[in-house]
Structure formats: structure tokens, C-alpha cells
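When the letters of the sequence shown are read in order and numbered with my numbering, they come out as residues 62 to 231.
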Amino acid sequence: MLKIISSLLIAFIFSPIWPLGPNPLPGDPFIIVNKKLNEVVFINDNRVQTVITAATGKTEDLTPEGIFTITVKAKDPYYRKKNIKGGDANNPLGTRWIGFDAEDTDGRIYGLHGTNDPSSIGKYVSQGCIRLQNEAIESLYDFVPVGTKILVTSTSENYEQLGQTYGAIK
């Protein structure tokens, strides 16, 4: 019994989502969502890699602000609310889902995702998620491992400065 408990403890401690030490470390992937400008910023290797136009919540309170952790990723996500399978052209989640743990959820409520309505990008239209063009979420998907930190904020602050403040940039 002791061997089982110790094995589980070791597996849990070395899990990729276990917060060992400062997170992110300089050079680690880090995402910033700026609701004020409807932009998603991807930081990696100590620099801002890209800035992508996004859509956020219809009202300011729908997209929660704070620092969160990516907990779920899915290709061709299933849309539970309307029972629409992944890959269907009517699926509003598009081709990728990168979910995070806002408001003590499990990463299946709030996330970055694609869209079947590209004209919505840049606007305040969602129920709380962050929408990107399918091409943008697909290009980001492989670079964002589970455990990556994501900052959701409304700011005029420089993205490099934010990256430094949160430890993603030296």
C-alpha cells in the first residue's frame, strides 16, 4: 500500500500541471489576453512572438480576468450546449480548444477557441470565451502545452513589460 501511495505522489508531483517553482519561468510559453484591445499575445523564448486579434465577452464581466492555467486542449472540440460534433461547419468552437481554469472551472467552460463566424473577430460578442480565427488557433495550439499560464486583463500596459512582470521575459 505504501508503494502505491508513494508512486501516486511521485507521479502527481512530476505532473506537467504541478506548479513547481515560479511559473512561468523566463522563456516559457505565456499567453496574455487583453480585453481592452481584443488581442491575444503569445510570449515564448523571452519575447513576444505574435499578437492576434480576438473576440471577447459581450460584456466586460463575461470574460473573467486573472492569471489562470491551461488545463485542457482539444482538436475539433465537441459543442455540448447544442450537441454539435467536432469538425461540423456549424460548430461555433471552430477547429481547436485551449481551455483554462477560470473561476474554479476545469478548462471546459472558458477557453481560447476557433470560430465558424470569422466576422466576429475583433468584437465583444462571446459568452466569455476568447475567439480566434481558426488559422490563428491552429498555429498557436502546438506551441501551448497544458500547464501554460494565461493572463486575462484589460490594460494599456506594454506586452513586453507584462511579460517581465509575470516572469515570462527576463
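Cβ coordinates follow ideal geometry from the N, Cα and C atoms, glycine included.
Integer-rounded CB distance, given that residue j should sit under 8 Å from residue i
i: R157; j: G168; result: Actually they do not touch by this definition, with Cβ atoms about 13 Å apart.
i: T117; j: K136; result: Actually they are not in contact, since the Cβ atoms of T117 and K136 sit about 23 Å apart, beyond 8 Å.
i: D178; j: P138; result: Not confirmed; about 15 Å, so no contact.
i: G183; j: L123; result: 16 Å between Cβ atoms; not a contact.
i: F161; j: T132; result: 6 Å
i: V94; j: V213; result: 4 Å
Local Cβ density within 10 Å of residue i, reported as buried at 16 or more and exposed below that
i: N219; result: exposed
i: K210; result: buried
i: P206; result: exposed
i: R192; result: buried
i: K134; result: buried
i: D232; result: Only positions 62 to 231 of the chain appear in the structure, and residue 232 is not among them; the question remains open.
i: N105; result: buried
i: G172; result: buried
i: L86; result: exposed
Residue i - DSSP class collapsed to helix/strand/coil
i: L212; result: strand
i: S180; result: helix
i: L201; result: helix
i: L235; result: Beyond the ends of the chain as shown, which are 62 and 231, falls residue 235; an answer cannot be given.
i: R157; result: strand
i: R141; result: helix
i: A150; result: coil
i: A163; result: helix
Between the CA atoms of residue j and residue i - distance to the nearest angstrom
i: G147; j: T130; result: 24 Å
i: Q222; j: K119; result: 28 Å
i: V112; j: N195; result: 15 Å
i: F204; j: P90; result: 8 Å
i: G155; j: Q225; result: 32 Å
i: G82; j: N151; result: Note that G82 scores a pLDDT of 48, beneath 50, so its modelled location is shaky; the value from the coordinates is reported in the next line. So the alpha carbons of these two residues sit roughly 42 Å apart.
i: T216; j: L98; result: 8 Å
i: S180; j: A229; result: 32 Å
i: E126; j: I159; result: 16 Å
i: R233; j: G88; result: The first residue shown for the chain is 62 and the last is 231, placing residue 233 beyond what the model contains.
i: R141; j: V186; result: 19 Å
i: G208; j: E121; result: 26 Å
i: I128; j: L201; result: 19 Å
Any alpha helix (DSSP H) of 4 or more consecutive residues that is wholly inside the segment 90-114: none
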